[in-house]
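One structure is given here, and the rest of the page talks about it.
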Amino acid sequence: MKQPLLVFNDKGIYCKQADVYIDAWKPVDKCIVTHGHADHSRWGHKQYITHTNNVPIIKHRLGDIVVAGKEWNETFTINGVTFSLHPAGHIVASSQVRVEYKGEVWVFTGDFKTENDGLAQPFEPVSCHTFITECTFGLPAFKWVPQNEVFSDINSWWNTNKEEGKTSVLFGYSLGKAQRLLKHLDTSIGTIYTHGAIENMTEVLRENYSFPATVRVTRDTKKEAIKGNIVLAPPSAHGGTWIRKMAPFVTASASGWMTFRGARRRRAIDKGFVLSDHADWNGLLDTIKATGCDKVIATHGYTDIFSRYLREELGYDARTEQTQYEENITETEQKLDNVSG
Amino acid sequence: MFKNIGPLLFSRGTKVGVVMKKFAQLIKTIDSTNKTNVKVAALTEYFKIAPNKDKLWTIAILSHRRPKRPVNTTLLREWATELSNIPLWLFEESYHIVGDLAETIALILPKNETSSTKSLAAYISEIQTLRSLPEAEKKDYLHTNWMRLNYYERFVFNKIITGSFRIGVSQKLMTRALAKATDIEQDILAYKLMGNWTPDNTTFQKLILEENEEDYLSKPYPFYLAYAVEDDFEEELQDISNWSFEHKWDGIRAQVILRNDEVFVWSRGEELVTDKFPEFQRFLDEIPNGTVLDGEIIPFGKGSIGNFKDLQTRIGRKNVTKALLKKTPVILIAYDLLEWKGEDIRQKAFVERRKLLDKLVNECDCERFGLYLSETMQFSTWEAAAKERNRSREKRSEGLMLKKKDSPYLVGRKKGDWWKWKVDPFTIDGVLTYAMRGHGRRANLYTDYTFGLWDGDELVTFAKAYSGLTDKEFRQVDAWIKKNTLERFGPVRSVTPHHVFEIAFEGIAESKRHKSGVATRFPRIVRWRKDKPIEEANTLDDLKALIPK
Numbered sequence: 006m007k008q009p010l011l012v013f014n015d016k017g018i019y020c021k022q023a024d025v026y027i028d029a030w031k032p033v034d035k036c037i038v039t040h041g042h043a044d045h046s047r048w049g050h051k052q053y054i055t056h057t058n059n060v061p062i063i064k065h066r067l068g069d070i071v072v073a074g075k076e077w078n079e080t081f082t083i084n085g086v087t088f089s090l091h092p093a094g095h096i097v098a099s100s101q102v103r104v105e106y107k108g109e110v111w112v113f114t115g116d117f118k119t120e121n122d123g124l125a126q127p128f129e130p131v132s133c134h135t136f137i138t139e140c141t142f143g144l145p146a147f148k149w150v151p152q153n154e155v156f157s158d159i160n161s162w163w164n165t166n167k168e169e170g171k172t173s174v175l176f177g178y179s180l181g182k183a184q185r186l187l188k189h190l191d192t193s194i195g196t197i198y199t200h201g202a203i204e205n206m207t208e209v210l211r212e213n214y215s216f217p218a219t220v221r222v223t224r225d226t227k228k229e230a231i232k233g234n235i236v237l238a239p240p241s242a243h244g245g246t247w248i249r250k251m252a253p254f255v256t257a258s259a260s261g262w263m264t265f266r267g268a269r270r271r272r273a274i275d276k277g278f279v280l281s282d283h284a285d286w287n288g289l290l291d292t293i294k295a296t297g298c299d300k301v302i303a304t305h306g307y308t309d310i311f312s313r314y315l316r317e318e319l320g321y322d323a324r325t326e327q328t329q330y331e332e333n334i335t336e337t338e339q340k341l342d343n344v345s346g
Numbered sequence: 002m003f004k005n006i007g008p009l010l011f012s013r014g015t016k017v018g019v020v021m022k023k024f025a026q027l028i029k030t031i032d033s034t035n036k037t038n039v040k041v042a043a044l045t046e047y048f049k050i051a052p053n054k055d056k057l058w059t060i061a062i063l064s065h066r067r068p069k070r071p072v073n074t075t076l077l078r079e080w081a082t083e084l085s086n087i088p089l090w091l092f093e094e095s096y097h098i099v100g101d102l103a104e105t106i107a108l109i110l111p112k113n114e115t116s117s118t119k120s121l122a123a124y125i126s127e128i129q130t131l132r133s134l135p136e137a138e139k140k141d142y143l144h145t146n147w148m149r150l151n152y153y154e155r156f157v158f159n160k161i162i163t164g165s166f167r168i169g170v171s172q173k174l175m176t177r178a179l180a181k182a183t184d185i186e187q188d189i190l191a192y193k194l195m196g197n198w199t200p201d202n203t204t205f206q207k208l209i210l211e212e213n214e215e216d217y218l219s220k221p222y223p224f225y226l227a228y229a230v231e232d233d234f235e236e237e238l239q240d241i242s243n244w245s246f247e248h249k250w251d252g253i254r255a256q257v258i259l260r261n262d263e264v265f266v267w268s269r270g271e272e273l274v275t276d277k278f279p280e281f282q283r284f285l286d287e288i289p290n291g292t293v294l295d296g297e298i299i300p301f302g303k304g305s306i307g308n309f310k311d312l313q314t315r316i317g318r319k320n321v322t323k324a325l326l327k328k329t330p331v332i333l334i335a336y337d338l339l340e341w342k343g344e345d346i347r348q349k350a351f352v353e354r355r356k357l358l359d360k361l362v363n364e365c366d367c368e369r370f371g372l373y374l375s376e377t378m379q380f381s382t383w384e385a386a387a388k389e390r391n392r393s394r395e396k397r398s399e400g401l402m403l404k405k406k407d408s409p410y411l412v413g414r415k416k417g418d419w420w421k422w423k424v425d426p427f428t429i430d431g432v433l434t435y436a437m438r439g440h441g442r443r444a445n446l447y448t449d450y451t452f453g454l455w456d457g458d459e460l461v462t463f464a465k466a467y468s469g470l471t472d473k474e475f476r477q478v479d480a481w482i483k484k485n486t487l488e489r490f491g492p493v494r495s496v497t498p499h500h501v502f503e504i505a506f507e508g509i510a511e512s513k514r515h516k517s518g519v520a521t522r523f524p525r526i527v528r529w530r531k532d533k534p535i536e537e538a539n540t541l542d543d544l545k546a547l548i549p550k
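Here the protein sequences line up with chains F and B, keeping their order. If you read the first sequence in my numbering, its first letter stands for residue 6, the second for the next number, and so on. If you read the second sequence in my numbering, its first letter stands for residue 2, the second for the next number, and so on.
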């Protein structure tokens with residue numbers, strides 16, 4: 006029997022013909038990395054290949070690594086297999102990976118969202134035979150509203166808090182969500198303060214992207230200066246001592262999980278905004294249709310339910326594969342909160 | 002404040018235009034905060050501006066007096082599924098993950114941004130008439146209205162239809178807000194709100210604002226509820242001679258009211274359960290009108306205290322038959338007297354009330370018709386009290402109650418005068434064998450666990466538990482489960498036996514329905530025994546040895 010072009014082994018998604026991994030979760034020789042989140046760009050590979058704009062991001066996270074940068078649509082061939090990166094729209098510099106060998110085309114999405122967020126290179130569907138997709142929000146309960154509505158809610162929330170003399174603390178993962186929020190905050194309301202982890206990452210990104218001005222919260226930052234302004238912080242800052250400086254404050258989280266009434270309560274956050282960096286139910290289905298594929302492999306999220314729907318209702322040859330995206334316990338809670346969001 | 006009220010009063014010329022919307026916003030505000038003050042403020046504001054009819058329905062809904070369910074949930078699911086154009090199994094899977102039917106339907110339906118222009122009361126009256134309509138018209142009504150409402154209004158609409166508005170507003174909290182809005186004292190309001198009124202047989206004016214003697218005939222007093230003792234409470238409570246002790250009986254907390262030659266039995270859940278306990282009618286023969294007893298209804302077959310389980314059959318049945326009465330007789334163990342000779346005596350000291358109660362019960366041959374006294378005890382040392390507490394299981398009680406001798410009978414759960422000092426739960430170390438995804442707030446985590454005990458070299462399931470770990474621990478276990486799954490059965494996964502947890506439970510009895518042959522009551526996780534390998538978990542025989550003989 007013919008070997009599939011990509012297989013799932015104990016280290017990651019593997020192309021035997023090219024001897025290359027994609028988003029491997031254990032150290033390998035050569036690894037194509039879709040984006041900078043910790044569960045997709047792991048430590049310890051001998052050689053990394055990723056989008057040029059993602060190079061400074063993973064260098065910031067992983068230190069001195071050997072990495073080659075590629076542009077969107079730029080093809081590179083290894084032992085007869087042609088690879089190229091295509092925008093995934095998930096976070097800044099996130100890619101899908103297209104793999105072609107002897108006329109057969111596979112695409113791995115990494116993580117993706119279909120809405121143009123005004124920051125990440127907008128998602129483009131790529132034609133293929135086999136589509137390996139995430140389905141973090143692969144349930145019909147997830148339907149996003151356009152982000153301009155969400156940002157208008159976020160900005161008016163900030164404004165109301167300010168009128169009530171309170172500081173707004175908005176949680177988002179330090180890579181991706183934080184910058185998306187930052188990009189769309191209304192600076193006429195006040196100053197944007199940042200937690201150190203977010204400030205550091207944003208500094209790295211300023212190299213290739215433009216953002217409003219931010220002020221890092223340091224030990225010397227005066228309590229009175231922060232009052233009424235907005236503070237961007239990673240979810241891990243919630244409940245810690247760091248946040249006390251912001252008092253009196255109100256907290257909010259922006260994530261797809263905020264769809265569920267219970268999710269916000271579980272995190273004991275005052276306000277939840279439904280804003281996700283993943284595709285919603287219709288986004289997933291529309292994308293699959295647009296690729297023209299006939300085989301689908303669901304890797305993480307509600308995989309069983311989603312692939313059953315594709316099989317039974319839409320007639321795709323769909324199955325699930327075990328990966329270690331979103332499932333790593335050695336990472337911090339911060340990561341767990343975000344990968345989900 | 003004015004900013005909020007302005008448009009409501011003036012922009013559409015009438016208040017009525019936006020009230021369902023206002024109610025949905027109220028629920029949304031309450032639902033999106035963990036802060037009691039914010040909830041009370043939102044409710045108070047609502048009670049100030051909503052029309053009386055809507056206020057009354059709001060009070061009714063928040064005190065679990067919902068209109069009768071007009072459509073069964075099977076049909077609701079089918080019709081929502083149809084409108085959403087998804088298969089039914091996908092709806093069921095989604096429901097399992099979301100954990101709440103009203104929320105699931107609101108999420109699954111095609112999006113709609115428009116808002117309703119009807120009042121809450123108008124909606125409820127429509128929902129009430131819906132009940133008697135033919136199925137096709139019911140469906141038509143739901144389809145039309147679902148697509149008229151925005152997400153949160155839809156959720157509230159569904160909640161009214163399906164009932165059970167559990168959104169973190171206790172009766173106490175609601176009463177507090179109502180007191181602020183009406184300037185009526187909280188205790189008085191709590192009293193007015195008791196009983197079996199519905200918005201259909203009263204008005205806001207009558208129920209809340211007017212004094213009405215007649216209504217008081219069947220009304221119970223708000224129950225005073227005890228807190229569990231805290232660490233080192235002995236020091237806190239100081240002089241032991243200030244305290245009266247009783248056993249804590251395990252039954253149904255109830256008030257038995259005798260007024261105007263009628264008996265009324267109220268359960269703590271504020272349910273009128275007179276019909277379920279016809280034996281208490283005999284109290285009329287011996288006890289004078291104008292008496293209110295507070296106590297515990299206890300199963301009492303064969304002259305001794307029975308199992309709590311038996312009481313559930315008494316409550317569960319629609320008709321209490323003669324056979325059932327004979328099979329599971331009940332008694333009232335009285336421990337307080339709230340009304341005597343038609344007078345509210347709750348302000349008298351506990352010992353004074355008890356003196357009257359003891360005299361009342363002792364002067365008639367009360368046990369003959371099922372009225373017993375909860376014996377009071379005095380101890381000179383905490384050690385002696387602890388010794389009595391250790392006898393609780395053989396006495397078939399749950400532990401001790403501590404009541405301050407000079408205390409009045411308070412309203413609701415208040416700290417200070419009544420404490421419960423329960424016996425320590427049973428504990429046993431079990432092995433995690435299966436896990437299921439949680440509901441609602443734990444929807445994306447595996448948080449519902451099944452535990453097994455050794456029977457030879459096999460692990461036999463003995464309990465399920467889904468509380469007791471911190472959020473952080475749940476996340477760790479969840480991540481471990483996802484990596485160590487053996488098999489999947491829908492939402493359930495079997496896992497490699499590896500982790501040992503200490504499980505606590507309140508009661509234990511033999512059971513034919515359980516594979517282990519044992520049923521445990523209120524099992525929950527106490528500790529993650531990371532120090533224990535699975536070989537050191539307990540055996541089924543260890544568990545069986547705990548069953549009282």
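Quick reminder that beta carbons are idealized off the backbone N, C-alpha and C, glycines included.
- Put simply, the CB of Leu179 (chain B) is far from chain F, with every gap to its CB atoms at 8 Å or more.
- The stretch 456-476 of chain B and the stretch 306-323 of chain F do not touch, with fewer than 3 CB-CB distances between them shorter than 8 Å.
- DSSP, read as helix, strand or coil, puts Ser468 (chain B) in coil.
- Listed along chain B are Ser33, Thr34, Asn35, Lys36, Val39, each with a C-beta nearer than 9 Å to that of Asp275 (chain F).
- Judged by DSSP secondary structure, Leu372 (chain B) falls outside any alpha helix (DSSP H) and instead within the beta strand (DSSP E) spanning 372-374.
- Between Ala257 (chain F) and Ile248 (chain F), the C-beta gap is not smaller than 8 Å, which leaves the two residues out of contact.
- Contact annotation: Phe48 (chain B) and Lys36 (chain B) have beta-carbon atoms that are not nearer than 8 Å.
- Under the three-state reduction of DSSP, Ala520 (chain B) is assigned to strand.
- Proximity to Ile109 (chain B) across F:Phe265, F:Ile274, F:Asp275, F:Tyr330 peaks at F:Phe265, based on C-alpha coordinates.
- The way I'd put it, the stretch 147-160 of chain F doesn't touch the stretch 201-210 of chain F; fewer than three beta-carbon pairs between them come closer than 8 Å.
- Note on geometry: alpha-carbon atoms of Lys277 (chain B) and Thr314 (chain B) lie some 10 Å from one another.
- Taking a Cβ-Cβ threshold of 7 Å, the residues of chain F close to Ser95 (chain B) are Leu144, Pro145, Ala146, in chain order.
- Between the beta-carbon of Leu208 (chain B) and that of Lys220 (chain B) there is about 11 Å, and that puts the pair past the 8 Å contact cut.
- Chain order gives the chain B residues near Thr264 (chain F) as Leu108, where near means a beta carbon separation below 8 Å.
- Contact check for Phe278 (chain F) against Asp158 (chain F) passes: the beta carbons are separated by less than 8 Å.
- Note on geometry: alpha-carbon atoms of Leu280 (chain F) and Trp149 (chain F) lie some 7 Å from one another.
- If you draw a straight line from the Cα of Tyr410 (chain B) to the Cα of Phe224 (chain B), it comes to about 9 Å.
- If you draw a straight line from the Cα of Thr30 (chain B) to the Cα of Glu104 (chain B), it is about 16 Å long.
- With the criterion set as a beta carbon lying under 9 Å from some beta carbon of chain B, the members of the stretch 292-313 of chain F are Tyr307, Asp309, Ile310, Arg313, in sequence order.
- With contacts defined as CB atoms closer than 8 Å, Gly177 (chain F) and Leu90 (chain F) fail to qualify as a contacting pair.
- Among the CB atoms of chain F, none fall inside 8 Å of the CB of Asn159 (chain B).
- Cβ neighbours of Tyr447 (chain B) within its own chain (closer than 6 Å, five residues either side excluded): Ala436, Arg438, Asp479, Ile482.
- For Val99 (chain B), the chain F residues whose C-beta falls within less than 7 Å of its own C-beta are Ala146, Phe265, listed in chain order.
- Relative to Asp240 (chain B), the option among B:Asn261, B:Ser495, B:Ala386 whose CA is nearest is B:Ala386.
- Around Thr308 (chain F), the same chain offers Cys140, Thr325 as residues with beta carbons nearer than 7 Å, after the five sequence neighbours per side are excluded.
- Contact between the stretch 89-105 of chain F and the stretch 117-136 of chain F is present, with at least three C-beta pairs closer than 8 Å.
- Going by DSSP, Ser173 (chain F) is part of the beta strand (DSSP E) stretching over 172-176.
- 8 Å or more divides the Cβ of Gly201 (chain F) from the Cβ of Asp282 (chain F).
- Against chain F, the CB of Ser468 (chain B) has no partner CB under 8 Å away; the residue lies outside that interface.
- At a cut-off of 8 Å between beta carbons, Glu318 (chain F) contacts chain B.
- 8 Å or more divides the Cβ of Lys531 (chain B) from the Cβ of Ser398 (chain B).
- The CB of Arg47 (chain F) never comes closer than 7 Å to any CB in chain B; the least such distance is about 15 Å.
- Annotation: the stretch 123-172 of chain F contains the following complete segments of the beta strand (DSSP E) (minimum length 3 residues), in chain order: 135-140.
- Pairing Arg132 (chain B) with Pro71 (chain B) gives a Cβ-Cβ distance under 8 Å.
- Within chain B, no C-beta atom comes nearer than 7 Å to that of Arg249 (chain F); the closest sits roughly 17 Å away.
- Approximately 16 Å separates the beta-carbon atoms of Trp383 (chain B) and Glu247 (chain B); this is outside 8 Å, ruling out the contact.
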